[in-house]
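First comes the structure, then the notes that go with it.
Protein chains: 2
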Amino acid sequence: MLPMFSGKLCQCLSVTRFPSILFLGVIYVAYVLVGGLIFWKLEGCSCITNKYSLLAITVLKMIKAASLSGLSPDSNDTADGFWKFTSSSVFAATVVTTIGYGNIIPLTTAGQIFCVLFALFGIPLNVVILNRVGKYMLAIERNFSLKMMWWVLTFLYFVVPMLLFKEYEGWSYAEAIYYCFITLSTIGFGDYVADHNPAINYPEWYSCLMAAWIFFGLAWLALLINHSIDLLESVNAYMRRRKNAQTQV
Amino acid sequence: MLPMFSGKLCQCLSVTRFPSILFLGVIYVAYVLVGGLIFWKLEGCSCITNKYSLLAITVLKMIKAASLSGLSPDSNDTADGFWKFTSSSVFAATVVTTIGYGNIIPLTTAGQIFCVLFALFGIPLNVVILNRVGKYMLAIERNFSLKMMWWVLTFLYFVVPMLLFKEYEGWSYAEAIYYCFITLSTIGFGDYVADHNPAINYPEWYSCLMAAWIFFGLAWLALLINHSIDLLESVNAYMRRRKNAQTQV
Ligand SMILES: [K+]
Ligand SMILES: [K+]
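Quick mapping for you: the protein sequence lines, in order, are chains W and Z. Each step along the first sequence adds one to the number in my numbering, with nothing skipped, and position 16 is 168. Each step along the second sequence adds one to the number in my numbering, with nothing skipped, and position 186 is 338.
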């Protein structure tokens, strides 16, 4: 069994294939960064770019009108703070992965229209890349050990991030596991977002680790969901065969 | 060409297959409704269940403290208003479809843990159902006309909803098309959510139409994205073949 899978792995990781995934990877990163750049240019000048700050500023204006105190929210601060190039790139990444936390959103019509066009080509590109990475992971997984690898991956994608989020974000274990699952399943409610609390000083490696975790985690969870689908489909096929057999008798 | 596709359609819509999709559909609807019921029971007693109302109540408390006026936000109103059974079912639907607008979110630990378990089985179920519906749509599409059908579907899934949203939600055309795409691509930022403005009296058929639009729209957009992936994969395969031919020469 092992030589067959080794052969498969060799075939999968062969040098002739390597430039193809590298090439796709470069296109993917370039696509997200260029998208980020365009979002930055389109949205950089709009004053309110975050739905929390949008609501907060609206209500703060109400406070001002109600209490006539000296409160004057400086909206330029939030504009510079949120639609920096990095934030725009993070936003672009939440679009192509379809996580869509919604903590950063385009407010200008140009930004919204560009968002539609950007997603139209970005989502398929993302799916192709994740499928490719998932195939590599499956090949590696099959070579090393069968069930052991699932535990290692669960540890890497859920236990390690859980401990990190408890440490750096101050979330409970339940909140951390909820955030991990909501993110990797691409539901992305946006009620918890890692690396996004302005009150916390994150270490420099934190953002890179988050990006790697989300990218490889998405590939892994897509694989897991594909396994579940195969299971459901085979249950369905089994039931249909059984039904056909009954009608023939 | 047509008889072949007619045969395919007959095969696809054959009576032996019909109970299978009906059976899956019943399981799907039951899964979402039971999930909604459990979320309702788990979250019904928690006072603040919506991140907007959470922020709004926090800031309203600030207003109260600042202006000492008679403002007293009655949080029980929002609890009853948002975590009704219908809202819980809508929430359950946003989980299994991975749209995850995030305008309704579980706040209790029990609700969050149940959300993870609910999504773990609900997302694969949703993918299986959408794939099945997508296959039916493809079979129907191939029978009637080739490119005409795409225009009809685009009209049904983008132009008609756009006009409806302009009429009932008061959005601009750009906002409506942005919402359509953000929803059907399952990005779901939650900055615009149809059928969710408490200030608007929606007609009774509106909710049903929204559910049907999202369900069939997701199946159709999944088909569209699969077409894009096939295109990208064939471009990739073509480039690899060309490269191999060059290395052989
Ligand atoms: K979302
Ligand atoms: K989403």
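The beta-carbon is built from N, C-alpha and C at its ideal position, and this holds for glycine as well. Here the structure is a predicted model, which means the values were calculated and not measured.
Relative to ligand 3, is the shortest distance from any of its heavy atoms to the C-beta of residue 340(W) smaller than 6 angstroms? For ligand 3, the structure offers nothing, since it holds only ligand 1 and ligand 2.
If residue 344(W) sits next to residue 331(W), beta carbons under 8 angstroms apart, how far is it from one beta carbon to the other, in whole angstroms? Within the first sequence, numbered from 1, the residue matching residue 344(W) stands at position 192. Within the first sequence, numbered from 1, the residue matching residue 331(W) stands at position 179. Confirmed, Cβ separation roughly 4 angstroms.
By the three-class DSSP mapping on this structure, what secondary structure does residue 261(W) have? Locating residue 261(W) in the first sequence gives position 109, where the first residue counts as 1. In the structure shown, residue 261(W) sits in a helix (DSSP, three-state: H, G or I).
Residues of chain Z with a CB under 9 angstroms from the CB of residue 265(W): which are they? As a working note, residue 265(W) is residue 113 in the first sequence. Those within 9 angstroms of residue 265(W) in chain Z are 326, 329 and 330.
8 angstroms contact criterion, which residue 372(W) and residue 289(W) should meet: CB distance rounded: Here residue 372(W) refers to the residue found at position 220 when the first sequence is read from its first residue. Here residue 289(W) refers to the residue found at position 137 when the first sequence is read from its first residue. Their Cβ separation, rounded to whole angstroms, is 6 angstroms, which keeps residue 372(W) and residue 289(W) in contact under 8 angstroms.
Unbroken alpha helix (DSSP H) runs of length 4 or more, entirely within the region 281-317 of chain Z: which are they? 300-306
At least one CB of chain B closer than 7 angstroms to the CB of residue 177(W): is that the case? Looking for chain B here will not work: the only protein chains present are W and Z.
Should residue 186(Z) go down as buried or exposed, given a rule of 16 or more other Cβ atoms within 10 Å for buried? On the second sequence, residue 186(Z) is found 34 positions in, with the first residue counted as 1. That one is exposed.
How about the region 333-342 of chain W and the region 362-376 of chain W: do they share at least three Cβ pairs that are nearer than 8 angstroms? yes
Helix, strand or coil for residue 319(W)? Go by DSSP, reduced to three states. Walking along the first sequence from the start, residue 319(W) turns up at place 167. In the structure shown, residue 319(W) sits in a helix (DSSP, three-state: H, G or I).
Nearest neighbour of residue 291(W), chosen from 189(W), 183(W), 375(W) and 277(W) [CA to CA]: In the first sequence, residue 291(W) corresponds to position 139, counting from 1. Measuring from the Cα of residue 291(W), the nearest candidate turns out to be 375(W).
Going by C-alpha distance, which of 244(W), 386(W), 242(W) and 249(W) is nearest residue 279(W)? Position 127 of the first sequence holds residue 279(W). It is 249(W).
For a test of your reading of the model: does the CB of residue 274(Z) fall under 6 angstroms from any non-hydrogen atom of ligand 1? Yes or no. Translated into positions along the second sequence, residue 274(Z) becomes position 122. Residue 274(Z) Cβ: outside cutoff for every heavy atom of ligand 1.
By how many angstroms is the C-alpha of residue 196(Z) removed from the C-alpha of residue 347(Z)? Position 195 of the second sequence, counting from 1, holds the residue named residue 347(Z). Position 44 of the second sequence, counting from 1, holds the residue named residue 196(Z). Rounded to whole angstroms, residue 347(Z) to residue 196(Z) spans 21 angstroms at the Cα level.
Quick one: list the residues of chain Z neighbouring residue 384(W), beta-carbon separation under 8 angstroms, in chain order. Walking along the first sequence from the start, residue 384(W) turns up at place 232. What residue 384(W) touches in chain Z: 276, 277 and 280.
Residue environment, residue 399(W), which counts as buried when at least 16 other CB atoms sit within 10 Å: Residue numbering aside, residue 399(W) sits at position 247 when the first sequence is read from its first letter. Answer is exposed; the Cβ neighbour count stays below 16.
Could you tell me whether the Cβ of residue 380(W) comes closer than 7 angstroms to any Cβ of chain Z? Looking up residue 380(W) in the first sequence gives position 228. Answer yes: the Cβ-Cβ gap between residue 380(W) and chain Z drops below 7 angstroms somewhere.
Can you give the Cα-Cα distance for residue 311(W) and residue 397(W), rounded to whole angstroms? Position 159 of the first sequence, counted from the first residue, corresponds to residue 311(W). Position 245 of the first sequence, counted from the first residue, corresponds to residue 397(W). Each residue's alpha carbon lies about 46 angstroms from the other.
Between residue 392(W) and chain Z, is any beta-carbon pair separated by less than 7 angstroms? Counting from 1 along the first sequence, the entry for residue 392(W) is found at position 240. For residue 392(W), the answer is yes, since a Cβ of chain Z falls inside 7 angstroms of its Cβ.
Anyone know if the C-beta pair for residue 174(Z) and residue 281(Z) falls short of 7 angstroms? On the second sequence, residue 174(Z) is found 22 positions in, with the first residue counted as 1. On the second sequence, residue 281(Z) is found 129 positions in, with the first residue counted as 1. Taking 7 angstroms as the Cβ cut-off, residue 174(Z) and residue 281(Z) do not qualify as a contacting pair.
Among 270(W), 260(W) and 184(W), which one has its Cα closest to the Cα of residue 241(W)? In the first sequence, the residue the question calls residue 241(W) occupies position 89. Checking every option, the nearest Cα to that of residue 241(W) belongs to 184(W).
Pull up the distance between the alpha-carbon of residue 302(Z) and that of residue 265(W), whole angstroms please. Here the question's residue 302(Z) lines up with position 150 in the second sequence. Here the question's residue 265(W) lines up with position 113 in the first sequence. Cα to Cα, residue 302(Z) sits roughly 21 angstroms from residue 265(W).
What residues from chain W crowd round residue 388(Z), counting only those whose CB sits closer than 8 angstroms? For the purposes of this step, residue 388(Z) is taken as the residue at position 236 of the second sequence. Going along chain W in sequence order, the residues near residue 388(Z) (Cβ under 8 angstroms) are 172, 176 and 280.
Under 6 angstroms: does the beta carbon of residue 252(W) sit that close to some heavy atom of ligand 2? By one-based count along the first sequence, residue 252(W) stands at place 100. Answer for residue 252(W): yes, Cβ within range of ligand 2.
Please name the residue, chosen from 255(Z), 172(Z), 182(Z) and 237(Z), that lies closest to residue 192(Z) on a Cα-to-Cα basis. Indexing the second sequence from 1 puts residue 192(Z) at position 40. For the residues 255(Z), 172(Z), 182(Z) and 237(Z), the minimum Cα distance to residue 192(Z) belongs to 237(Z).
Quick check on the DSSP output: the alpha helix (DSSP H) that includes residue 335(Z) runs from which residue to which? The sequence position of residue 335(Z) within the second sequence is 183, counting from 1. First-last of the alpha helix (DSSP H) with residue 335(Z): 325-336.
Going by beta carbon distance, what residues of the same chain come within less than 7 angstroms of residue 369(W), once the five residues before and after it are set aside? Counted from its first residue, the first sequence places residue 369(W) at position 217. So the list reads 309 and 336, once near-sequence residues are dropped.
Along the region 240-257 of chain W, what residues have a CB closer than 7 angstroms to any CB found in chain Z? 247, 250, 252, 254 and 257
Since residue 429(Z) and residue 341(W) should fall inside the 8 angstroms C-beta cutoff, what is the C-beta to C-beta distance between them, to a whole number of angstroms? Because chain Z here runs from 153 to 401, residue 429(Z) falls outside it and cannot be looked at.
Pick helix, strand or coil for residue 363(W), following the three-state DSSP scheme. Sequence index remark: in the first sequence, residue 363(W) carries index 211 (1-based). Here residue 363(W) sits in helix by DSSP.
Apart from the five residues just before and just after residue 179(W), which ones in its own chain have a Cβ nearer than 8 angstroms to its Cβ? Counted from its first residue, the first sequence places residue 179(W) at position 27. So the qualifying residues of the chain are 277.
Please report the distance separating the alpha-carbon of residue 383(Z) from that of residue 353(Z). Here the question's residue 383(Z) lines up with position 231 in the second sequence. Here the question's residue 353(Z) lines up with position 201 in the second sequence. The straight-line gap from Cα to Cα measures roughly 44 angstroms.
List the endpoints of the continuous alpha helix (DSSP H) containing residue 351(W). Numbered from its first residue, the first sequence carries residue 351(W) at position 199. Note, residue 351(W): premise wrong, no alpha helix (DSSP H); not H, not E.
Just checking: is the beta-carbon of residue 340(Z) within a distance shorter than 7 angstroms of some beta-carbon in chain W? Numbered from 1 along the second sequence, position 188 holds the residue referred to as residue 340(Z). By this cut-off, residue 340(Z) is an interface position.
Hey, out of 317(W), 329(W), 323(W) and 300(W), whose CA is closest to residue 361(W)'s CA? As a working note, residue 361(W) is residue 209 in the first sequence. The shortest C-alpha separation from residue 361(W) is found at 317(W).
Range covered by the alpha helix (DSSP H) that runs through residue 244(Z): Position 92 of the second sequence, counting from 1, holds the residue named residue 244(Z). Segment 237-248, the alpha helix (DSSP H) holding residue 244(Z).
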